[in-house]
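Residue numbers (my numbering): 7 to 432.
Glycine residues also receive a C-beta, built at the ideal position from the N, C-alpha and C atoms.
Structure, as structure tokens:
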Ligand code: HEM
């Protein structure tokens, strides 16, 4: 493409329109955002293009879906590469969107005029995971069939509406041919459309807030032109990402097991890796807690963070303060070690069902393990915050770290340390 052709001019104009003309010099330092929002947008674009191409061959019916994946893999020129690119980009998008959320949170970029964008961001995270999950079923192999079965079963534990909701998602009482068609339409139509709309609002709100959050400073700051300073940096990150993805996809195949057998579940049957934290949680507390009360509390807490009443905030300042950084490290290490220990005790020692056989099951397997887990966590956080005379914002940073770390620990244990019969293996 020539540099001054109409198409090239249009692309340039589009990219420049996403940015203001001039920008604070500190905003283009790579470690301010690590380029994660832009990388997420690029991954979405790659997924859109590769997904469109896969659609030419993929057939969304239980009888033909698996075979059409085999055709893509084995018979179409570059078909396997295309499928791998789509699969690995999708997995990377979940990780990158999460890291972007983490960056926004710890760099204190979610307050005041950015509050609304935090909520749009949470919605985007939900959509990224939903898109990934609906795509997971499409190969119709043993891995995807049983992973979706496990996750949709979890939905049915939501009080009052759970069974109806699970049946609505599956269009039946089990995962079936209509589930596949339903997931296909969500995955290739509705979800990407909603994501494009939300991403447009998300970018617009970033511009409306005056770009990325920067800490207040007494020093004089200067502005630089977006073109070439930022655009060239973005181009380098984009090219490196595309190259890395291409190389990875050339050498590592996306998984594909035997064709789905609804009567024979593999051992172990696992949810997709990003939901493994919930499956692990389900093994230790009553489903009402693991699939409803705990996720609902965590999501409500995350959404409410920018709306709490704080005495003082420093948008753009990593971890708010030195204290905030200490609290992050201490609560992160504690949450990892304690969650790990709790899971081993829960597996090998605790037998609440037996010990409290006379109690209603919701108490013995719901309230007791929940209190037993959160009691010491509250105790630790209380003394840590007291010792460091933490402000409210620093306390919130500590609690978010505990939540993230506890989930990541459960996800890692569920994914790597559970073998046949979901037994712990080291
Ligand atoms: C498909 C997913 C997403 C895309 C494509 C995306 C894209 C972007 C981009 C390009 C920026 C500009 C700065 C940067 O690169 O970091 C940004 C900023 C922001 N994002 Fe996202 N984002 C996504 C998901 C999320 C999530 C999951 C959250 C958090 C819940 C979030 C919250 C924010 C906020 C609050 C800002 C403003 C940050 C600041 O001003 O420093 N976004 N996003």
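Helix, strand or coil for residue i, going by three-state DSSP, please let me know.
i	result
residue 147	strand
residue 269	coil
residue 421	helix
residue 364	coil
residue 52	helix
residue 430	strand
residue 102	helix
residue 164	coil
residue 230	strand
residue 239	helix
residue 30	strand
residue 320	coil
residue 413	helix
residue 220	coil
residue 278	coil
residue 197	helix
Hey, residue i and residue j are a contact pair by Cβ (cut 8 Å); roughly how many whole angstroms apart?
i	j	result
residue 315	residue 400	That pair is no contact at about 15 Å.
residue 86	residue 259	7 Å
residue 29	residue 230	6 Å
residue 133	residue 200	6 Å
residue 236	residue 23	Contact doesn't hold; Cβ gap of about 13 Å is too wide.
residue 99	residue 140	With a Cβ gap of about 14 Å, residue 99 and residue 140 do not count as contacting.
residue 105	residue 42	5 Å
residue 189	residue 144	7 Å
residue 317	residue 394	In fact, because the Cβ distance is near 16 Å, the residues do not count as touching under 8 Å.
Return yes when at least one heavy atom of the ligand HEM lies under 7 Å from the C-beta of residue i, else no.
i	result
residue 115	yes
residue 253	no
residue 124	yes
residue 3	Because the chain here runs from 7 to 432, residue 3 falls outside it and cannot be looked at.
residue 134	yes
residue 110	yes
residue 127	yes
residue 218	yes
residue 44	yes
residue 282	no
residue 232	no
residue 47	yes
residue 57	no
residue 39	yes
residue 50	yes
residue 212	yes
residue 454	Outside the modelled stretch of the chain, which goes from 7 to 432, sits residue 454, for which no answer is possible.
residue 292	no
residue 130	yes
Measuring only from the beta carbon, is residue i closer than 7 Å to any heavy atom that is part of the ligand GTP?
i	result
residue 410	Judged by which ligands are present, the ligand GTP is missing from the structure shown, whose ligands are the ligand HEM.
Hey, is the segment 198-212 in contact with the segment 128-137, meaning 3+ C-beta pairs nearer than 8 Å? yes
Just checking, does the segment 410-421 make contact with the segment 267-284 on the three C-beta pairs under 8 Å criterion? yes
Take every Cβ of the segment 249-256, pair it with every Cβ of the segment 102-116, and state whether three or more of those distances are shorter than 8 Å. no
Taking three-plus beta-carbon pairs below 8 Å as touching, is the segment 305-314 in contact with the segment 345-363? no
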